[in-house]
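K.L.:
Take a look at the following structure, please.
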Amino acid sequence: MTAQFQQARWNEPLLSDIGTPGERGFIPSPPEAEITARVPDALSGIPASFQRAEPPRLPEVAQPQLMRHFMRLSQETMGNDVAVDFGLGTCTMKYSPKVNEHLVRLPEVSGLHPLQHVDTVQGILEILWRLEQMLCAISGLDRFTLQPPSGSAAVYTNASIVRAYHRSRGEGEQRNEIISSIFSHPCDQSGPYSAGYKIVQLYPGPNGYPEVDALKAALSDRTAGIVITNPEDTGIYNPHIKEFTRLVHEAGGLCVYDQANANGMMGIARAKEAGFDLCHFNMHKTFSSPHNGMGPAMGASGVREDLARFLPAPVVEKRGDLFELDWNRPDSIGKIRSFVGNAQIAVRSYSWILALGPDGIREVAETAVLNANYLAALLREVPGMSQPFPTSNTPLEQFRWSLEGFKEETGVGSSDISRNLSDYGLQPVFTSHHPYLVPEPITPEPAESFSKADLDTFGNAFMDIARRAQADPDEVLNGPYRNACRRIDAAALDDPDRWVPSSRAERTRNRTPVKGD
Amino acid sequence: MIGLVVNPVAGLGGSVGLKGTDGLVEQARALGAIPHAHERAALALRQLPTDLPIACAGGDMGETSMHLAGREPTLVVGAAIDGTQSTAADTCAAVAALAAAGVELILFAGGDGTARDICSTVGDTIVALGIPAGVKIQSATFAQSPRAAGELAAAWYVGRRRERVAEVVDLDDSGTTHGRVSPRLYGTLRVPLGPGLVAGTKSPSNDQDPAALSGIADRVAERMQDTTLLLGCGTTLAAIGSALGLQTSLLGVDLVRNGEVVVYDGTEAELLTALTDAGATTIVTPIGGQGFVLGRGNQQLSPAVLRRAGIGRLTVVATPAKLAALGGRPLLVDTGDEETDNELRGWHKLVTGYDEETIYRVE
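Chains as they are written, first to last, in this note's numbering: chain A, 1 to 517; chain B, 1001 to 1363.
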């Protein structure tokens, strides 16, 4: 093994298993007599029935031990600032410039409260409004809402707008089907499904993208619209997309473009010209806001002018030199979430787009595509690596290839190789969403902010693992070796009986035998 | 206690280019085939904790593999069988003996033919798991690799012991149909539930996603409870029967009318007699990895039956995992009548989940 990496490995107990009763991280001084005389007991305003009979069983740990605990755990992670993470394709991992972190920590941003009067938040409203103009320019669409807190929520928003549109025309009941493709992001099906739609899936044709004839077979007077990603998860661009949108319109449906990840085409091609009526962007993918590990995010939903009346309330409007929130929207689908959007996410993305400008945005896409194709050239040399669809396909910003042949030869599959990448200081490579249409899949996505050296490191590591697997499959199957943990029993991840999501659940589990035991 | 049975000739045919080993052992040996079932079984055995009690069949039907793995069997059932003389009857006898000895899980090294032997001997009364060693592995009763088989068996034995139903599929030995080899469903086994271990993308022709399966069954049952139904073969169709509150056949074709099974496991003639001018909705699912929905293992659904039911009323159901396993290949029909086949060919809207359909090509 040529890896020169060794991650910290702490035998760190759970927080609930360290400390001693009575231990405290911080003991505040009691308030002065003058305060207690004038301020009533904090609990007196809470009805007795809402008050705990006994205090919660929180961990009791002193501050130094607590710091060590979390610092140790942090050393056992593989975050973006520690490891090259472009293996996680479809996630569009990219560098988030630190200057934007400083911006959002300025008191003018961090001190904002969503219930402040609009007169006192003109600055952030202007940023939200300007960000909307930028997204309109990038997509060609006319209005955006920044309210949805995630990409999936944005897809749900767009599905809700599609439904509001058909209801407004008296066809809401009849048009109950949304068409999508199996290689589109899974939320393109689950979002409309959650909104009450039936889903009609298209499978890829021989070229890796759905065929026009399959779409024709799916269309009917029940079609509400299509929600589709292009390029799909395979990185292959559907060149017939304009014919797709034409046919859907002809059948009376609307076309929704999932541009969560627009890294392969922003500044080059737009949703509008491809015939789409709605689209959405993920700020934490394309526009560099950190992914935050399921933390606050923003999925910006955009629409054509005639659909703007359905957008969730409120929207930011500019009247003269002032910005205001328009709540008076009788046709709105209502709220997807409270307020106008995560301000800190908006500031980061606004700053990122502003720093790049139109030419820079285009260069991001060009660099991302160049990176993906350079990496593809490196990985093509890996023994047993195959391209599942015609090799004439040039991937855009990512690609999904197969190690089926390698697995047959060595018994070592894509998830095994992925696990071992962490021994080289690299994040594992994403395999695929389910179901696995491409056997033994890998889906890397080297966005624009990775250097040629990063790509070479990844390519060399991949090749090294492949050679090790050919020489001694078991050695790779048992990896990783230099990581915070060794190979884990993945079966527990799929077994709800073995999940312990909280310390309370752990206590319950320990007390009561699980059903079926 | 875990039981081990090894089909010592499994895989022999494949190494010399035969399509299986059943009935071809001598031919395979003459071509220079070398048995490797013992090694594969031993590889699985090495994954089991050393203190785990194991009963095995005698001689080359299990004992040899145990010694290869450096394990001492807790119990040996039956006489020592010489691998060169072993037959399907020996496998069945060994399985019956292991069952009588009270084993809780049978690990069997072999292929689809071996899975059939287990199925015909103990059915789903005992949990079983295949160590892939045969030429044909279409059944969903096998782990992805010998190592995975050992790991899954150990996890099941010491763990929570959850299982699922897996289809046993083999090539139909009653002869080829229209010159093609025909996969057929022979029954089911109960296998340990261990996601990612049983049946990989290479051979998940019967792979079952429980959520998708119940989604399909519930949706079809809701939509079609007032319709006359012809239900084809397979666990997906059996699940639809259950969702309708009916006991339908796993391996045969049933006719359901007014919430009752009118014909159970019917022949072509019986189905034709029972069908009326009102026709029926025919529901089928692909059997085996080749994607046949008609003409393989369900020949009772003949051109005449399909026409009487209404040729445009064919509904194909399939879990997404099953479709994914086709690797982009179309679904196939081969009813024996070119005209009927042509009418059935084209794009179909498959039911693939609750309120989920998939546009897929039938050729």
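Backbone N, C-alpha and C define an ideal beta-carbon position, used for all residues, glycine too.
Taking 8 Å as the threshold (beta carbon to beta carbon), is D233(A) in contact with chain B?
P.N.:
No, its Cβ sits nowhere closer than 8 Å to a Cβ of chain B.
K.L.:
Taking a contact to mean a Cβ-Cβ separation below 8 Å, would you say N1298(B) touches G1241(B) in this structure?
P.N.:
No, Cβ-Cβ distance for N1298(B) and G1241(B) is not below 8 Å.
K.L.:
Could you pull the DSSP bridge partners for P1183(B) from this structure?
P.N.:
L1171(B).
K.L.:
Examine chain A for any beta-carbon lying closer than 8 Å to the beta-carbon of I1216(B), and answer yes or no.
P.N.:
Chain A contact via Cβ: absent.
K.L.:
Alpha carbon to alpha carbon, how far is A313(A) from G341(A)?
P.N.:
Their Cα atoms are separated by approximately 11 Å.
K.L.:
What are the boundary residues of the alpha helix (DSSP H) that includes E132(A)?
P.N.:
From DSSP, the alpha helix (DSSP H) with E132(A) extends over 122-139.
K.L.:
Verify the CB distance criterion: does A218(A) have a CB-CB separation below 8 Å to chain B?
P.N.:
With 8 Å as the cut-off, A218(A) counts as an interface residue toward chain B.
K.L.:
Would you call the region 1136-1152 of chain B and the region 1053-1060 of chain B touching, i.e. three or more CB-CB distances under 8 Å?
P.N.:
These segments do not touch.
K.L.:
Which residues, in order along the region 1117-1128 of chain B, keep a beta-carbon less than 7 Å from a beta-carbon of chain A?
P.N.:
Correct list: empty, as no residue qualifies.
K.L.:
Can you give the Cα-Cα distance for G1259(B) and G1110(B), rounded to whole angstroms?
P.N.:
Computed Cα separation, rounded: 41 Å.
K.L.:
In the structure shown, what three-state DSSP assignment does K272(A) receive?
P.N.:
Here K272(A) sits in coil by DSSP.
K.L.:
With a Cβ-Cβ cutoff of 8 Å, do T281(A) and D233(A) count as a contact?
P.N.:
For the record, residue 281(A) in the displayed sequence is Phe; it is not Thr. It is not a contact, given that the beta carbons lie outside the stated cut-off.
K.L.:
Alpha carbons only, please: which of E34(A), V39(A), L115(A) is nearest the one belonging to N343(A)?
P.N.:
Note that residue 343(A) is Ala in the sequence shown, not Asn. When each option's Cα is compared against that of A343(A), the closest is L115(A).
K.L.:
8 Å is my cut-off, CB to CB: does P1073(B) come that close to chain A?
P.N.:
By this cut-off, P1073(B) is not an interface position.
K.L.:
What is the DSSP secondary structure of Q63(A), reduced to helix, strand or coil?
P.N.:
Residue state, collapsed to three classes: helix.
K.L.:
Looking at the unbroken alpha helix (DSSP H) that takes in R1257(B), where does it start and where does it end?
P.N.:
Looking at the DSSP string, R1257(B) is not in any alpha helix (DSSP H); the run it does join, the beta strand (DSSP E), is 1254-1257.
K.L.:
For V121(A), I'd like the list of residues in its chain whose CB is within less than 7 Å of its CB, leaving aside the five on either flank, ordered along the chain.
P.N.:
If we look at V121(A) and ignore the five residues flanking it on each side, its Cβ neighbours are L112.
K.L.:
Whose CA, out of T223(A), G151(A), E408(A), E132(A), lies closest to the CA of Q259(A)?
P.N.:
Ranking the options by Cα distance to Q259(A), first place goes to G151(A).
K.L.:
Which residue or residues does DSSP assign as beta-bridge partners of E1357(B)?
P.N.:
In the DSSP output, where bridge partners are listed per residue, E1357(B) has V200(A), V1351(B).
K.L.:
Go through the region 288-319 of chain A residue by residue and report every complete run of the beta strand (DSSP E) that reaches 3 residues or more, in order.
P.N.:
You should have 299-303, 315-319.
K.L.:
Comparing alpha-carbon positions, which option in T1285(B), L1244(B), A1238(B), A1269(B) lies nearest G1223(B)?
P.N.:
Checking the sequence, you will find Arg at residue 1223(B) rather than Gly. Considering only alpha carbons, the answer is L1244(B).
K.L.:
Less than 8 Å separating the beta-carbons of F287(A) and N371(A)?
P.N.:
Cβ distance not < 8 Å, so F287(A) and N371(A) don't count as in contact.
K.L.:
Along the region 1313-1331 of chain B, what residues have a CB closer than 8 Å to any CB found in chain A?
P.N.:
Flagged, chain order: P1320, A1321, L1323, A1324, G1327, G1328.
K.L.:
Rounded to the nearest angstrom, how far is the Cβ of N263(A) from that of A368(A), given a contact under 8 Å?
P.N.:
Yes, N263(A) and A368(A) are in contact; Cβ-Cβ is about 5 Å, under 8 Å.
K.L.:
Mind listing which residues of the region 419-441 of chain A have their C-beta closer than 8 Å to chain B's C-betas, in chain order?
P.N.:
For the region 419-441 of chain A, which is checked against every Cβ of chain B, the residues closer than 8 Å are H434, P435, Y436, L437, P439, E440.
K.L.:
Any contact between the region 422-429 of chain A and the region 452-465 of chain A? By contact I mean 3 or more CB pairs, one from each, below 8 Å.
P.N.:
These segments touch.
K.L.:
Which residue spans inside the region 431-493 of chain A form an unbroken alpha helix (DSSP H) run of at least 4?
P.N.:
DSSP runs (the alpha helix (DSSP H)) wholly in the region 431-493 of chain A: 452-471, 473-477.
K.L.:
Cutting at 6 Å between CB atoms, please list the residues of its own chain near H1038(B), excluding the five before and the five after it.
P.N.:
If we look at H1038(B) and ignore the five residues flanking it on each side, its Cβ neighbours are T1064, S1065, L1068.
K.L.:
Taking 8 Å as the CB-CB limit, is T1235(B) close to chain A?
P.N.:
Not closer than 8 Å to any Cβ of chain A, the Cβ of T1235(B) fails to qualify, so no.
K.L.:
With 16 other CB atoms within 10 Å as the buried threshold, where does C1119(B) fall?
P.N.:
Classification of C1119(B): buried, given that the 10 Å Cβ count is 16 or more.
K.L.:
Quick check: the Cα distance between L219(A) and I1216(B), rounded to an integer number of angstroms?
P.N.:
So the two alpha carbons sit approximately 21 Å from each other.
K.L.:
Determine the burial state of P40(A): buried for a count of at least 16 other Cβ atoms within 10 Å of its Cβ, exposed for fewer.
P.N.:
Burial call: exposed.
K.L.:
Closer than 8 Å, CB to CB, is Y1157(B) near chain A or not?
P.N.:
Chain A contact via Cβ: absent.
K.L.:
Counting only the same chain and skipping the five closest in sequence on each side, list residues whose C-beta sits under 8 Å from that of S180(A).
P.N.:
Counting only Cβ-Cβ distances below 8 Å, and skipping sequence neighbours, we find D188, Q189, P192, I199, V200, Q201, L202, I226, V227, I228.
K.L.:
List, in chain order, every chain A residue whose beta-carbon is nearer than 8 Å to that of T1352(B).
P.N.:
Chain A residues near T1352(B): Q201.
K.L.:
Under 8 Å by Cβ, that's how I've got V1256(B) and A1274(B) pegged, so tell me the actual separation to the nearest angstrom.
P.N.:
About 10 Å; that fails the 8 Å criterion.
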